[in-house]
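Each protein sequence line maps, in turn, to chains A and B. To convert a position in the first sequence, counted from 1, into the numbering used here, add 172. To convert a position in the second sequence, counted from 1, into the numbering used here, add 172. Glycine is no exception: its CB is placed at the ideal position from the N, C-alpha and C atoms. For reference, the structure discussed in these notes is given below.
There are 2 protein chains.
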Amino acid sequence: MSLEKSAEGGTGRPAPGRVEDVRRGNLIRILASMAEARTDPDTRPTRADLATRTGLTKASVSSLVAELLDAGLLAESGTTRDGERGRPGVGLELSTSRGVVGMEINVDYIAAGLLDLGGTLRIHRTLESSNRGQSPPSVMALLGGLVRDIAAEASAAGIEILGGGLAVPGLVDSASGTVASAPNLQWRGVGLQLEQLLPSAPFGLALYNEANCAALAELWYGHGLDFRDYLFISGEVGVGGGLVIGSELFAGPRGQAGEVGHVVVEPSGPDCSCGGHGCLEAFAGQEAVFSEAGIAPGAASVRLARLGEQLAAGDAAAVAAVSRAGHYLGIAAASTARLMNLSAVVLGGHFTPMGRWIRPALQRSLAEYAPGLISDARVEISELGQSAALLGAAGSSLRAVLAAPFTLTPAGR
Amino acid sequence: MSLEKSAEGGTGRPAPGRVEDVRRGNLIRILASMAEARTDPDTRPTRADLATRTGLTKASVSSLVAELLDAGLLAESGTTRDGERGRPGVGLELSTSRGVVGMEINVDYIAAGLLDLGGTLRIHRTLESSNRGQSPPSVMALLGGLVRDIAAEASAAGIEILGGGLAVPGLVDSASGTVASAPNLQWRGVGLQLEQLLPSAPFGLALYNEANCAALAELWYGHGLDFRDYLFISGEVGVGGGLVIGSELFAGPRGQAGEVGHVVVEPSGPDCSCGGHGCLEAFAGQEAVFSEAGIAPGAASVRLARLGEQLAAGDAAAVAAVSRAGHYLGIAAASTARLMNLSAVVLGGHFTPMGRWIRPALQRSLAEYAPGLISDARVEISELGQSAALLGAAGSSLRAVLAAPFTLTPAGR
Chain A
173 MSLEKSAEGG
183 TGRPAPGRVE
193 DVRRGNLIRI
203 LASMAEARTD
213 PDTRPTRADL
223 ATRTGLTKAS
233 VSSLVAELLD
243 AGLLAESGTT
253 RDGERGRPGV
263 GLELSTSRGV
273 VGMEINVDYI
283 AAGLLDLGGT
293 LRIHRTLESS
303 NRGQSPPSVM
313 ALLGGLVRDI
323 AAEASAAGIE
333 ILGGGLAVPG
343 LVDSASGTVA
353 SAPNLQWRGV
363 GLQLEQLLPS
373 APFGLALYNE
383 ANCAALAELW
393 YGHGLDFRDY
403 LFISGEVGVG
413 GGLVIGSELF
423 AGPRGQAGEV
433 GHVVVEPSGP
443 DCSCGGHGCL
453 EAFAGQEAVF
463 SEAGIAPGAA
473 SVRLARLGEQ
483 LAAGDAAAVA
493 AVSRAGHYLG
503 IAAASTARLM
513 NLSAVVLGGH
523 FTPMGRWIRP
533 ALQRSLAEYA
543 PGLISDARVE
553 ISELGQSAAL
563 LGAAGSSLRA
573 VLAAPFTLTP
583 AGR
Chain B
173 MSLEKSAEGG
183 TGRPAPGRVE
193 DVRRGNLIRI
203 LASMAEARTD
213 PDTRPTRADL
223 ATRTGLTKAS
233 VSSLVAELLD
243 AGLLAESGTT
253 RDGERGRPGV
263 GLELSTSRGV
273 VGMEINVDYI
283 AAGLLDLGGT
293 LRIHRTLESS
303 NRGQSPPSVM
313 ALLGGLVRDI
323 AAEASAAGIE
333 ILGGGLAVPG
343 LVDSASGTVA
353 SAPNLQWRGV
363 GLQLEQLLPS
373 APFGLALYNE
383 ANCAALAELW
393 YGHGLDFRDY
403 LFISGEVGVG
413 GGLVIGSELF
423 AGPRGQAGEV
433 GHVVVEPSGP
443 DCSCGGHGCL
453 EAFAGQEAVF
463 SEAGIAPGAA
473 SVRLARLGEQ
483 LAAGDAAAVA
493 AVSRAGHYLG
503 IAAASTARLM
513 NLSAVVLGGH
523 FTPMGRWIRP
533 ALQRSLAEYA
543 PGLISDARVE
553 ISELGQSAAL
563 LGAAGSSLRA
573 VLAAPFTLTP
583 AGR
């Protein structure tokens, strides 16, 4: 409609709403350009750089930057050299005095951290906690305490919290903040009172799937920088997955794609928490690996450390258990790559400390079941470790802030 | 850039190129609205109907329709009642005197058909031909003969051919017209001289994957009308697949997604033409089903008919062979649904005549491996039969015509 009007006899003068939309779009462009820029202090962009990068006029950039400085989303950071003309200018950066909170509830721990707008994880706290079968309000109360501690630390450091994201190991409905199903927590249809965690954050809080968050963290801060299309497999109590296609998360029609832990890898295999059997999780989840390796029950972190020692010592049972997990990971990865036309795999979570042993087993399995599909060089181990899900949840919240700066600027008030 | 200029002091007068873009966009809107309309002669849309549906002015619609009539894409079809005001108007339809050709090269036959712009398959010819291991030029020569016959018939019926699509059972690069790999034809890295098939068609010819075409045909003319998200599995010599998400084909980052025939369903299973082993194809492909059912070698159509007779007679080996295929189809479908968040499955190709027996086996398998994920009501058997791939290839070509009408109108000349 608007297109036709404009071409077939409109007034030619943009409506007031349109001008506002354009200004909002330009605020977003400035921030996107800042987010792409290096954080090296010597090469911080000036207003002139931003004009070149965005194609906006210098006058526009000055006005937009003033608005973003005023909103606290950008900060000036001393003079910087303008390489081309030799004149010094004022460098700009995404504000490190504004941040977002990343949170995670997993089966045997909870965690929270503060990411500043520049992308630095400033605070990171983890608390061991056996959450399986615990009531959601009690776990949320525990998480609330952790978040309050972080908010106090942030406040002491002069950092204002704008929003946050919570990652849980299950299928979630982000819009309603509901955990549809998290079998390893034994939660089903649980509505979480997210807003109570950070009631005053202007951008609010969002709920995410843990493996999807870890896959996104890998995309933004890890191997995803090289791989545009890959399957991320995260080992926890369960086995989660995230599908990245064209450098974006593929979430599926109802936001629940990537359940690689429940790909059937052995039709006669053992029962699974999902109600099926023979799933990847039954061979590569923590319990399967630990018990196959003959590691006595106990806290997951203790068992994982013990497994690491046994692997390093060349213990046959430990090596066999990890190789078996790698074999079945390869089968699931081969099937996923065939279905979705992917060409890389990244392993994270508890697979990271097993990397040296699990990677070759996975590569052998890929060569056996899908020869030529995924080269050895495109099988990688995440280096983000246990902070991945939290980083992904915080990073998602950070992107939500940068995509809607007008929430804080006069243009949006 | 253009957004900013328009808001911050542009002339307000759309550039000539912009007017042209708008007119092109409106031509497309008219055709899209026509394609959505019913073909029932009594309810054919009038110019007034199109104005209501598209939100364009009646004057604009009249001018655009005149251009499309002139280009031969629309036709007038007698008076029709305007239901609301009782005044008769001239009904419009997508021209049945323009059409596109759908073609298929499969392992044991070639086929071609003519689809008019209204979506009716006017001509359909199939020729049995053992193409496995044949040289691509010789198969293309055979197909060329079939297409010439169809072009002659079309000409005799006063139908002008605008373009076409060819479906092959393998991974293709549509842009270059190359078959990257079609194991069951034993073709690899084969460039097909598509333009020689229909040198004068203004929209040219495109190359597609056979299972993707069949999945799209199901979307446009079959069960896809009810299912927005589903896995389509096509039984041929191989087993192909197509993933439909949000009523669109999911083609993957390099256009090769949907290879469900090579999902690993039995890690210790037999070798497969893909170089792996234990793939679905080794249990649900034609050779696997026929030999498990004890059906003697011969032409596929003869063997399929024989299998049908044995199933109808309750032959134990035949029923067991088809049940086994259904069991493994269920495993692959369960894994795919978990990965991609799909909630329906449609079986086509050679599974269609086995439908009565294979459907319950697939349903049992889904209930065993992914309980609650795909209800019995969302497992369907395609009714399009052997014409599916050809219909999908032609339908893709038809959509390309409707999306670029300016190729034939003054606006594009």
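- Taking C-beta atoms as the reference points, A/A339 and A/A566 fail to come closer than 7 Å.
- When A/F523, A/E239, A/A243 and A/R201 are compared, the shortest CA-CA separation from A/A223 is found for A/R201.
- B/G274 is not a Cβ neighbour of B/I333, given a cutoff of 7 Å.
- Interface annotation, B/H395: not in contact with chain A, CB-CB separation never under 7 Å.
- Under the 7 Å criterion on CB atoms, A/E431 is classed as interfacial with respect to chain B.
- Per DSSP, A/G274 lies in no alpha helix (DSSP H); the unbroken beta strand (DSSP E) holding it starts and ends at R270 to I277.
- For B/N381, no alpha helix (DSSP H) run applies; the uninterrupted beta strand (DSSP E) run containing it begins and ends at L377 to N381, by DSSP.
- By DSSP's assignment, B/G337 forms a beta bridge with B/G274 and B/A378.
- From the beta-carbon of A/N381, no residue of chain B is found nearer than 8 Å; the closest lies around 11 Å away.
- In the structure shown, the three-state DSSP call for B/V518 is strand.
- Secondary structure note for A/D221: its alpha helix (DSSP H) is the uninterrupted segment R219 to T226.
- Across the segment 312 to 341 of chain B, no CB contact with chain A closer than 7 Å is found for any residue.
- With a threshold of 7 Å between beta carbons, B/T218 makes no contact with chain A.
- Within the segment 522 to 551 of chain A, the residues whose Cβ lies closer than 8 Å to some Cβ of chain B are E540, Y541, A542, P543 and G544, listed in chain order.
- For A/G447, a Cβ of chain B is located within less than 7 Å of the residue's own Cβ.
- Between the alpha carbons of B/A561 and B/A383 lies a distance of about 7 Å.
- Under the DSSP assignment, A/L403 falls outside any alpha helix (DSSP H), being part of the beta strand (DSSP E) whose first and last residues are Y402 to G407.
- In terms of Cβ geometry, A/W529 and A/V573 do not form a close pair [threshold 7 Å].
- For B/G486, the closest C-alpha among the options B/M512, B/I553, B/M526 and B/H522 is that of B/M526.
- Annotation: B/S327 to B/S269 spans about 10 Å, alpha carbon to alpha carbon.
- Neighbours of A/D401 across chain B, judged by C-beta separation under 7 Å: P425.
- Excluding sequence positions up to five before and after A/G557, its CB lies within less than 6 Å of the CB of T524, all in the same chain and listed in chain order.
- Per DSSP, the continuous beta strand (DSSP E) segment holding B/I553 begins and ends at V551 to I553.
- In the structure shown, the three-state DSSP call for B/E438 is coil.
- At a cut-off of 7 Å between beta-carbon atoms, A/R510 makes contact with chain B.
- Note on the segment 300 to 362 of chain A: whole alpha helix (DSSP H) runs with a minimum of 4 residues are 308 to 328, in chain order.
- Taken atom to atom, the span from the alpha-carbon of A/E276 to that of A/S547 is near 33 Å.
- Residue-level contact by beta carbon holds for B/A506 and chain A, with a gap shorter than 7 Å.
- Where A/F455 is concerned, the enclosing alpha helix (DSSP H) starts and stops at E453 to A456.
- Contact annotation for A/G361 against chain B: no contact, minimum CB-CB distance about 13 Å [criterion: below 9 Å].
- The Cβ of A/G502 sits no closer than 7 Å to any Cβ of chain B.
- Residues of chain A with a Cβ closer than 7 Å to the Cβ of B/G418 are, in chain order, P425.
- The segment 509 to 521 of chain A and the segment 474 to 481 of chain A do not touch, with fewer than 3 CB-CB distances between them shorter than 8 Å.
- Proximity to B/A283 across B/H449, B/S507 and B/L299 peaks at B/L299, based on C-alpha coordinates.
- Between A/R219 and A/V237, the C-beta spacing is below 7 Å.
- Counting C-beta pairs closer than 8 Å gives three or more between the segment 429 to 443 of chain A and the segment 396 to 413 of chain A, which meets the contact rule.
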